[in-house]
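Residue numbers (the numbering used here): -10 to 1042.
From the three backbone atoms N, C-alpha and C, an ideal C-beta is built for every residue, glycine too.
Note that this is a predicted model, so its numbers are computed, not measured.
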């Protein structure tokens, strides 16, 4: 196809085409991106276009027989308009009194003869003498005509109007009748229009950037302007369609249609005949034709009270007037598929098939009867290739070799290579509006006018929403439709040093568009209008693309998200359906922005809070899809800067702190910061007890108050040999244990003078946990590598279960880890989270395997397995032993077993444990903590990074270069197995696990023992290892093993 290119505001806007080219299936604006090397020629240079032989036919009602009886199914009359032959006609419009045609020289030929009444092949046509510009489109209403042209001198777009102006349908005020071509003015520079549609007394105009303008009669709201004003004399932008990539428009008597690039039809205006495709009343805004939302529409048409559409499979739908309010599919006996349709008065239509055949319905025979039957008309000489409505008749173009389903090269992703059986792939032609797709890349950066194209596309919400759409996408799908890989590749290409000016231009234009969205949010008729958010969220992150424009982009984007709360649910749905790597990409970008903006505006500024709100959308989307682990959301960079005290103030709403991350975005906060927060809060409470005790003191010594120990500490005096009973007795005799447990814990072993500086506490917790998990006591049963409640426990021992809960609470509150690992199910139950079969996997994997086999069994469960609704001789439901397990009820059977094991069988045991746990004010009932994080807070991390421990170690009378120190770390790295490393850690810290944050958080110190004959010793209170100055590897290894093996025996879990 040969196309000329014109310049208008540095944009390629030409709609000049070879005579007979099929306008609805030609990617007009794609000329500028597919021919970047073509010079911007003056539009008058059209000599290179050969004048093809194109015939124009008028399809009329059967001539009146003047009372004689005619054939009931006579074909319509077809007249060849001889004076339009050899003019290269490529476009026709008309009404009862006028017919206009556009020639290959881009001149408009008009005739005021009523073709229907004249019925002559020699209708005279003349050029408009006053119109010297180059015309590319024309549309006729009942009594007015709109012409789209390009000025011959400046190559800028211009709109002309002529005819009746009684309702403002010409776009200006003051003249009721205009007999010449008068220019229509616009509030800004005249946009580049690609289509006009004229209703009876109103006009619609469509720009190459998908914007729709309207003026004229508005009694039924057909202009879609959401106003009660009945006459609109000046062009107005149809704001309700902003954000929708409109590619085609149509107008009837009092209603309007608009089609998007993704195949959705919208309608506005009069609906008394069902012409809007729904049973609703007339409406003054565009609404989707929902009954067509499940198909992809490629063409629309309207006339009077009838509407029509063609879908990607070539099926015609009609509605309104005689066709009813629900679109009706028109079927053919032949295998042809429709590719073009025009609608006329009285519900008639004429449609072209893929085989160039013409089908006509609703014409009148010679007896004045309307033919309610589709008649196929073969072309007389040349194939038909385009049909137009002129009200009571149709104009059809015929020319040589006019394939209606155009081929394209393999690079054009929006129109796949020909595949005759698959009409779907061939009817989705590239749109005429300015939308970018895969066909334009990667060569786009070489286009001479690439920057202007970027400016145009990213300055308009509609063109952004219509660009980068997945091939074969339909709005009936629940995904966003954005080609993520394409968008990422475009951003990557633009981000290179050579193409960085394009990226900067994109950012500036996109920022301007986002700010416009903030000021005037688009109506969310369908999610389509929010598609730009996905394209924006794929923008390179601030760690990938540096620069002020990149920061301004993300700053503006986040603010736009906040200004459109109604879009959040759409984004959550779309993002949840993206691939894992894409969700991770967006998450990283928003976290990078959060880190960057908090460094500029402060940790608790509005920008940071806005970033959190944007991140919450990703969090909620991931909760829906579960594609990323919850740990992926931790922002370590942010948490390294956060002060636990400030977060504490935010939780308490004091110190003028009304907002904090721990409450508003706990999923961003790392476990290390959370545990620091809990301990900071605990320390604050403990210190308050000390302050209050000082205030209440009645005696002083050396000017300092003498305080009562019990007012400051929770003192437990226990007996090593009777540690369970004495601990229970001590806790039971404390009045108001919840209050008293907020004091700092001090443990005293009977008969021992030890001062509790922390080490005694840890020893106490080790001893009592060992007793609580002892097989002799059987409070818990060991399931794999964790402990679970003993369902057969003697109720006499239930107080010990309550004690276990209290011990766990006390350990957390006082900053101790304990050597007991519970399954995640326990912490879920403590947080009120439901548990299921996935949680049972950790406790009893064999049972889970059995249950899964029952669910997946392909045979007859009832007869082959012979199961009933019992488990371990317990009826899962009333009379369960009499109910067989079948293929139909096996899911219920499995669910009941899971519920029995995790809930009902240990209900009283768990209730006691929970009662004891929450008598201690751990602050863990806050929404801050996930069950997985509670598990870490109780027992620490299983992963042991001794390299981190080595880096964080301090020394006394040793250095990192001391031979004994080097030898020690070499042995740890190369000689000790994992169990021995756990024992070494326990030997020094009284815990075989790492604290939250890893071993790098342990304040480990190595002190020198000058006697090489000693074995290593430790001070667990202070995390100190006393290491003899041994330089022989075998000797040191032996001494270390003696030390760790002969510390208090303990089974490490």
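Within the segment 941 to 973, the complete beta strand (DSSP E) segments of 3 residues or longer fall at 943 to 945, listed in chain order. Taking 8 Å as the cut-off, the beta carbon of residue 182 is found closer than this to the beta carbon of residue 196. Of the residues assessed, residue 570 falls on the exposed side of the cut-off, its CB having fewer than 16 other CB atoms within 10 angstroms. For the pair residue 782 and residue 546, the Cα-to-Cα distance works out to about 59 Å. When secondary structure is reduced to three states using DSSP, residue 833 falls in the coil class, being assigned neither helix nor strand.
As the crow flies, the alpha-carbon of residue 821 is around 50 Å from that of residue 493.
In this structure, DSSP gives residue 292 an extended state, which the three-state scheme calls strand.
Under DSSP, no beta-bridge partner is assigned to residue 474.
Counting only runs of 3 or more residues that sit fully inside the segment 308 to 341, the beta strand (DSSP E) segments are 317 to 319, 327 to 332, in chain order.
Note on residue 645: under 16 other CB atoms within 10 angstroms of its CB, so exposed under the neighbour-count rule. In terms of CA proximity to residue 426, 474 leads the group 468, 381, 474, 379. Collapsing the DSSP output to three states places residue 436 in coil. A Cβ-Cβ separation of about 10 Å leaves residue 124 out of contact with residue 90 under the 8 Å criterion. Between the alpha carbons of residue 258 and residue 318 lies a gap of roughly 23 Å.
For the options 247, 1002, 672, 214, the alpha carbon positioned closest to that of residue 227 is the one of 214.
Per DSSP, the beta bridge partners of residue 702 are 733.
For residue 775, the three-state secondary structure derived from DSSP is strand. If the five residues before and after residue 63 are omitted, its C-beta is found closer than 7 Å to the C-beta atoms of 51, 354, 355, all from its own chain and listed in chain order. Beta bridge pairing from DSSP links residue 377 with 384.
Taken in chain order, the unbroken stretches of beta strand (DSSP E) that lie wholly in the segment 743 to 816 and span 3 residues or more are 769 to 772, 775 to 778. Residue 604 is positioned such that its CB atom lies closer than 8 Å to that of residue 583. Per DSSP, residue 682 has no beta-bridge partner at all. Here DSSP, grouped into helix, strand and coil, assigns residue 840 to helix.
In the same chain as residue 909, and ignoring 5 residues on each side of it, the C-beta atoms closer than 7 Å to its own belong to 730, 795, 798, 799, 802, in chain order.
For residue 572, there is no enclosing beta strand (DSSP E); the residue is part of the alpha helix (DSSP H) that begins and ends at 569 to 590. Annotation: residue 713 is outside any beta strand (DSSP E); the continuous alpha helix (DSSP H) that includes it extends over 712 to 721.
By the Cβ test, the segment 554 to 574 is not in contact with the segment 268 to 279, since fewer than three Cβ pairs between them sit closer than 8 Å. Counting only runs of 4+ residues, the alpha helix (DSSP H) found wholly inside the segment 522 to 571 occupies 537 to 552, 557 to 565, in chain order. The three-state reading of DSSP puts residue 658 in coil, since its state is none of H, G, I, E or B. With respect to residue 155, residue 190 sits close: the two C-beta atoms are nearer than 8 Å. Between residue 344 and residue 325, the gap from beta carbon to beta carbon is short of 8 Å. In this structure, the beta-carbon distance from residue 985 to residue 923 does not fall below 8 Å.
CA-CA distance, residue 187 to residue 491, rounds to 39 Å. Residue 564 sits close to residue 610, with the two beta carbons spaced by under 8 Å. In the displayed model, residue 1017 falls within a strand according to three-state DSSP. Here the segment 196 to 212 lies against the segment 447 to 455, with 3 or more beta-carbon pairs under 8 Å apart.
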